[in-house]
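K.L.:
Here it is, the structure in full.
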Amino acid sequence: MCGIAGAMHFDGAAADRALLSRVISTLKHRGPDDCGVYLDGNVGLAHARLSIIDISGGRQPMQSADGTLSVTFNGEIFNYIELREQLVRKGHQFRTRSDTEVILHLYQEKGEDCVNDFNGQWSFAIWDRVRRKLFLSRDRLGVRPLFFTTADHTFVFASEVKALLAFPGVQREFDLAGLDQIFTFWFTVPPRTIFKNISELAPGHSLTVQDGKIKTKRHWQLEYAPAQDLDYDSAGEQRLADSLLELLTDATRIRLRADVPVGAYLSGGLDSSIITALVRQFTDIPLRTFSVIFDDPEFDESAFQRQVSAFLRVERQEVRCTYDDIGDIFPQVVWQTEKPILRTAPSPLFMLSRLVRENGFKVVLTGEGADEMLGGYDIFKEAKIRRFWGARLDSRRRPLLLKKLYPYLPNLQIQSPEYLKAFFRVRQEDLSSPFFSHLPRWELTAKLKHFFSADVKRELRSQNAYAELQACLPQSYSQWHTFCQAQYLETMFLLPGYILSSQGDRMAMAHSIEGRFPFLDHRVVQLAASIPPRLKMKALNEKYILKRCAKRLVPDCVTERPKQPYRAPEGKSFFRGARGLDYVEAALSPEHIRRTGLFDSAAVCALVNKFREGRAIGIKDNMALTGIVSTQLIADQFVDRLGVAH
Amino acid sequence: MRQFIINNFLFGVDDNQFRDEDSFLEKGLIDSTGVLELVAFLEEKYRIKVEDHELIPENLDSIAQIVAYVNRKISWKVTEEKFAATGVSRNQLSPLSR
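The listed protein sequences derive, respectively, from chains A and B. Its first residue numbered 399, the first sequence is counted upward by one per residue in this note's numbering. Its first residue numbered 132, the second sequence is counted upward by one per residue in this note's numbering.
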């Protein structure tokens, strides 16, 4: 795993080695082991390396033997051994054992379609000097990041925005529509980012720059079968579970390919426990696992972690995360996320990757992706109950099922049935919305925009975040089962836009750690997409088919425990008693709020007072505070042309 | 009451000229925690006890509804205190708040 960057000057100017060296140095956390710059006339590629495969031979940017192709590559092609064998049979000669060289040879063989053969997580750029073409690609699910823009007659790209901002002429300005999306969905809809004129290459897309033109093309699409929910008998279910386990096992096997030791994250939940169990099957040396524990029992899962590690006989190391820790590291966390966040959940993962690094590891496997692919999230359950109720809106009994939602949220649990009906309301018109599953959540989040300044509200008056998202949905979306529609929104938007980026890549790479995700192997993803929704969530039993896979692999306590979503303490992390941490007081001071121009200073002041007085206890207040603090930090760290007033 | 709603749920910014009849739920002002905050405020400010069965939008979803509800509660409390002095038990009085 590494950091990449590059430039192509449209006006024929020569690429600048010193500049590219400066740019790539901003990504040193992604690749501390080596760095390199390649120049060819008006094109330059740069690379910061985290050495994992072929430590001595995998230096980058790498050139093909004939010198016509050069690549800078971030990520892993896990099936590189099989691809290499196929290429050797076709007469290709290799100089290294690296997966990077496989990319070059497969591009020689298949051109831009080479990406269809990759099983992996990648973002890369290939300079094809014969065709005078720059070819960029990002993996199917957006595990690895890739941003680009044009400035001063130059196309520039990089793994992170901070590297783009090191190029001269790149604008540093908020994109208010991007901010509007974050404060609605938690993510921006690619190519939009929160920075004006800075684009994100969407997951599953490639991009070419040739003859001064920039073109993007989709190379992969997640597809579900048209709406159907077939019944399986028990033997049929078992066959499906066996197929899933077989693929998951192979996905894990090829993700252990590395010339450095590989560890695993262990949360104590089902997903990471299964991955740990599968890794355990492939290794003779004691497997090292890493966990976060919390002082606050509301969030702590250490009892389950201990049971799983004892059952699987793996070593477990833990890092204790306190409210104070979360507050203290938050500015560093935001520097890595490069976008506002509404929850502090990335912070403990920042601490976890630091623990991994301190123990000399560079690679961890995790259970990320299982909830999206196999129906684990509460939002799927919520949508199922609301849809069931919506089919008979006059029913008195159906909405009583709402009581089964979010058992870990005490404020919700004590509500009367009348209020639960109001909070999870189903309007007749919602039933045909493509976003039915997510409307309550997004409408709640969008309330945070109340804190936007009058100028920002005015600017955003004509903005329609839903329309922009809807334009990205595939044509076949309307024919899918509603459960699959909800899965698609989670998988193609929240997963890359928040889970894999703000909680995943960025928190891991902050300490030069590579995450690998067997559940995101595209073969697993495609098989999961073909599994009937009824077997993903049987009645209200989430990840039913995965639990069948897990029998005998993990202790019963894990498959039988209620689903506990990963959460972390929020607003109170920013305060010590009634006083905010120094950076919080500075970021939320009326002068600073007015200077950035994004939020209403009186409203922010009222919110802060609510926290000072200990009266802020709700999700909305906590999201608002975290969102405002992180946005103000982004303004400080990344933007010098602040707010609409500027 | 209005000031509490504007300060606590609108953080002092009343862009849309919030009216007494406007539904908190329709306007998205209140979530599950908001209901609890509201109840705590009513109990402290008006020295009433909001019973579990009274935790319904019909009582608490607008300023007008809250005012009517609190008035019922207070007059009920006064009546109860008055009759307590005469030895009539609470159960013998009609449940005005329902």
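Even glycine gets a Cβ: it sits at the ideal position worked out from N, Cα and C. These figures come from a predicted structure and were not determined experimentally.
1. Would you list the one or two residues that DSSP bridges to residue 1014 (chain A)?
2. Between the Cα of residue 557 (chain A) and the Cα atoms of A:484, A:631, A:937, A:473, which residue gives the shortest distance?
3. Hey, does residue 436 (chain A) have any beta-carbon neighbour from chain B nearer than 8 Å?
4. Expressed to the nearest angstrom, what Euclidean distance is found between the alpha-carbon atoms of residue 406 (chain A) and residue 596 (chain A)?
5. Would you mind sorting residue 514 (chain A) into buried or exposed? The rule is 16 or more other CB atoms within 10 Å of its CB.
6. Measure from the C-beta of residue 227 (chain B) to each C-beta in chain A and report whether the shortest distance is under 8 Å.
7. Mind checking residue 791 (chain A): buried by the 16 CB within 10 Å criterion, or exposed?
8. From the DSSP output, in three-state form, read off residue 132 (chain B) for me.
9. Would you kindly report the start and end of the unbroken alpha helix (DSSP H) that includes residue 756 (chain A)?
10. Would you report the Cα separation of residue 1024 (chain A) and residue 216 (chain B), rounded to the nearest angstrom?
11. Taking 8 Å as the CB-CB limit, is residue 149 (chain B) close to chain A?
12. Comparing alpha-carbon positions, which option in A:457, A:423, A:468 lies nearest residue 438 (chain A)?
13. Go to residue 763 (chain A), then tell me how far its beta strand (DSSP E) extends in each direction, as first and last residue.
14. So, at 6 Å on beta carbons, what are the nonlocal neighbours of residue 1006 (chain A) in its own chain, with the 5 sequence-adjacent residues on each side left out?
15. Report yes or no: do three or more beta-carbon pairs, one from the stretch 915-933 of chain A and one from the stretch 636-649 of chain A, lie closer than 8 Å?
16. Got a sec? Which residues, its chain only, sit under 7 Å from residue 861 (chain A) by beta carbon, not counting five neighbours each side?
17. May I ask you to verify whether the stretch 1014-1030 of chain A touches the stretch 977-995 of chain A, counting CB pairs closer than 8 Å and requiring at least 3?
18. With 16 other CB atoms within 10 Å as the buried threshold, where does residue 870 (chain A) fall?
19. Kindly indicate which residue of A:744, A:412, A:622 has the alpha-carbon position closest to the one of residue 907 (chain A).
20. Considering only the beta carbon of each residue, do residue 1035 (chain A) and residue 584 (chain A) sit closer than 8 Å?
21. Residue 536 (chain A) to residue 456 (chain A), Cα distance in whole Å?
22. For the pair the stretch 645-664 of chain A and the stretch 901-917 of chain A, tell me if three or more CB-CB distances fall below 8 Å.
23. Between A:636, A:719, A:750, A:581, which lies nearest to residue 661 (chain A) when the distance is taken from Cα to Cα?
24. If we require 4 or more residues per run, which alpha helix (DSSP H) segments fall completely within the stretch 491-561 of chain A?
25. In this structure, does DSSP put residue 472 (chain A) in helix, strand or coil?
26. Grab me the residues of residue 588 (chain A)'s own chain with a C-beta within less than 6 Å of its C-beta, minus the 5 sequence neighbours each way, in chain order.
27. CB-CB under 6 Å to residue 945 (chain A), same chain, minus the five flanking residues each way: which ones, in chain order?
28. Rounded to whole angstroms, what is the Cα-Cα separation between residue 208 (chain B) and residue 214 (chain B)?
29. Quick one: which residues of the stretch 808-826 of chain A get their C-beta closer than 7 Å to a C-beta of chain B? List them in chain order.
30. In the DSSP assignment, find the unbroken alpha helix (DSSP H) run with residue 634 (chain A) in it and report its ends.
31. Taking DSSP as the reference, what is the three-state secondary structure of residue 568 (chain A)?
32. What in chain B is Cβ-close to residue 639 (chain A), meaning under 8 Å?
33. 8 Å is my cut-off, CB to CB: does residue 156 (chain B) come that close to chain A?
34. Going by DSSP in three states, residue 226 (chain B) sits in which element: helix, strand or coil?
35. Starting from residue 402 (chain A), trace the beta strand (DSSP E) in both directions and tell me its first and last residue.
36. Would you say residue 798 (chain A) touches the ligand ZN, meaning its beta carbon is less than 7 Å from a heavy atom?
P.N.:
In short, the structure shows the following:
1. Taking the first sequence and counting its residues from 1, the one referred to as residue 1014 (chain A) is at position 616. Per DSSP, none; premise fails for residue 1014 (chain A).
2. On the first sequence, position 159 is the one that residue 557 (chain A) refers to. Nearest C-alpha to residue 557 (chain A): A:473.
3. By 1-based counting over the first sequence, the position of residue 436 (chain A) is 38. No - not a single Cβ of chain B is within 8 Å of the one on residue 436 (chain A).
4. By one-based count along the first sequence, residue 406 (chain A) stands at place 8. By one-based count along the first sequence, residue 596 (chain A) stands at place 198. Rounded to whole angstroms, the gap between the alpha carbons of residue 406 (chain A) and residue 596 (chain A) is 16 Å.
5. Here residue 514 (chain A) refers to the residue found at position 116 of the first sequence. In the assembly as shown, residue 514 (chain A) is an exposed residue. Its beta-carbon has fewer than 16 other beta-carbons within 10 Å.
6. Position 96 of the second sequence holds residue 227 (chain B). No answer about residue 227 (chain B) holds up, because its pLDDT of 45 lies below 50 and its placement is not dependable.
7. The count along the first sequence starts at 1 and reaches residue 791 (chain A) at position 393. Classification of residue 791 (chain A): exposed, given that the 10 Å Cβ count is below 16.
8. For the purposes of this step, residue 132 (chain B) is taken as the residue at position 1 of the second sequence. Per DSSP, reduced to three states, the secondary structure at residue 132 (chain B) is coil, with no helix or strand assignment.
9. Taking the first residue of the first sequence as 1, we reach residue 756 (chain A) at position 358. Annotation: the continuous alpha helix (DSSP H) that includes residue 756 (chain A) extends over 744-756.
10. For the purposes of this step, residue 1024 (chain A) is taken as residue 626 along the first sequence, with counting starting at 1. For the purposes of this step, residue 216 (chain B) is taken as residue 85 along the second sequence, with counting starting at 1. If you draw a straight line from the Cα of residue 1024 (chain A) to the Cα of residue 216 (chain B), it is about 53 Å long.
11. Here residue 149 (chain B) refers to the residue found at position 18 of the second sequence. Not closer than 8 Å to any Cβ of chain A, the Cβ of residue 149 (chain B) fails to qualify, so no.
12. Along the first sequence, one-based indexing puts residue 438 (chain A) at 40. The closest CA to that of residue 438 (chain A), considering only A:457, A:423, A:468, is found on A:468.
13. By 1-based counting over the first sequence, the position of residue 763 (chain A) is 365. Run containing residue 763 (chain A): 761-763, per the beta strand (DSSP E) assignment.
14. Walking along the first sequence from the start, residue 1006 (chain A) turns up at place 608. So the qualifying residues of the chain are 986.
15. Short answer: they touch.
16. Your numbering for residue 861 (chain A) matches position 463 in the first sequence. If you ignore the 5 residues before and after residue 861 (chain A), its C-beta comes within less than 7 Å of the C-beta of 575, 578, all in its own chain and listed in chain order.
17. With the cut-off at 8 Å, the stretch 1014-1030 of chain A and the stretch 977-995 of chain A touch.
18. Sequence index remark: in the first sequence, residue 870 (chain A) carries index 472 (1-based). If you draw a 10 Å sphere on the C-beta of residue 870 (chain A), you find fewer than 16 other C-beta atoms in it, and that means exposed.
19. On the first sequence, residue 907 (chain A) is found 509 positions in, with the first residue counted as 1. Comparing alpha-carbon positions, the option among A:744, A:412, A:622 lying closest to residue 907 (chain A) turns out to be A:744.
20. Residue numbering aside, residue 1035 (chain A) sits at position 637 when the first sequence is read from its first letter. Residue numbering aside, residue 584 (chain A) sits at position 186 when the first sequence is read from its first letter. Not in contact: residue 1035 (chain A) and residue 584 (chain A) (Cβ atoms no closer than 8 Å).
21. Counting from 1 along the first sequence, the entry for residue 536 (chain A) is found at position 138. Counting from 1 along the first sequence, the entry for residue 456 (chain A) is found at position 58. Each residue's CA atom was taken as its position, placing residue 536 (chain A) and residue 456 (chain A) some 20 Å apart.
22. Taking 8 Å as the limit for Cβ pairs, the verdict is that the stretch 901-917 of chain A does touch the stretch 645-664 of chain A.
23. Counting from one through the first sequence, the residue named residue 661 (chain A) turns up at place 263. Just measuring C-alpha positions, the residue of A:636, A:719, A:750, A:581 sitting nearest residue 661 (chain A) is A:750.
24. Counting only runs of 4 or more, we get 497-508.
25. Position 74 of the first sequence holds residue 472 (chain A). Residue state, collapsed to three classes: strand.
26. As a first step, residue 588 (chain A) is located in the first sequence; it is residue number 190 there, counting from the start. Within the same chain, residue 588 (chain A) has close Cβ partners 598, 600.
27. Numbered from 1 along the first sequence, position 547 holds the residue referred to as residue 945 (chain A). Counting only Cβ-Cβ distances below 6 Å, and skipping sequence neighbours, we find 957.
28. Residue numbering aside, residue 208 (chain B) sits at position 77 when the second sequence is read from its first letter. Residue numbering aside, residue 214 (chain B) sits at position 83 when the second sequence is read from its first letter. Between residue 208 (chain B) and residue 214 (chain B), the alpha-carbon positions lie close to 10 Å from each other.
29. If you check each beta-carbon in the stretch 808-826 of chain A against every beta-carbon of chain B, the ones closer than 7 Å belong to 809, 810, 813, 814, 816, 817, 820, 821.
30. Counting from 1 along the first sequence, the entry for residue 634 (chain A) is found at position 236. Taken as a continuous stretch (DSSP letters only), the alpha helix (DSSP H) holding residue 634 (chain A) covers 632-652.
31. Indexing the first sequence from 1 puts residue 568 (chain A) at position 170. In this structure, residue 568 (chain A) counts as coil in the three-state DSSP scheme.
32. As a working mapping, residue 639 (chain A) is identified with position 241 in the first sequence. By Cβ distance, chain B contributes nothing, its closest Cβ being about 37 Å from residue 639 (chain A), past 8 Å.
33. For this step, residue 156 (chain B) is matched to residue 25 along the second sequence. With a threshold of 8 Å between beta carbons, residue 156 (chain B) makes contact with chain A.
34. Here residue 226 (chain B) refers to the residue found at position 95 of the second sequence. Residue confidence for residue 226 (chain B) is low, a pLDDT of 47 falling below 50, so the modelled location carries little weight; the figure read from the coordinates is stated next. Correct three-state label for residue 226 (chain B): coil.
35. As a working mapping, residue 402 (chain A) is identified with position 4 in the first sequence. Per DSSP, residue 402 (chain A) is one residue of the beta strand (DSSP E) stretching across 400-407.
36. Within the structure as shown, the ligand ZN is missing, as the structure has no ligands at all.
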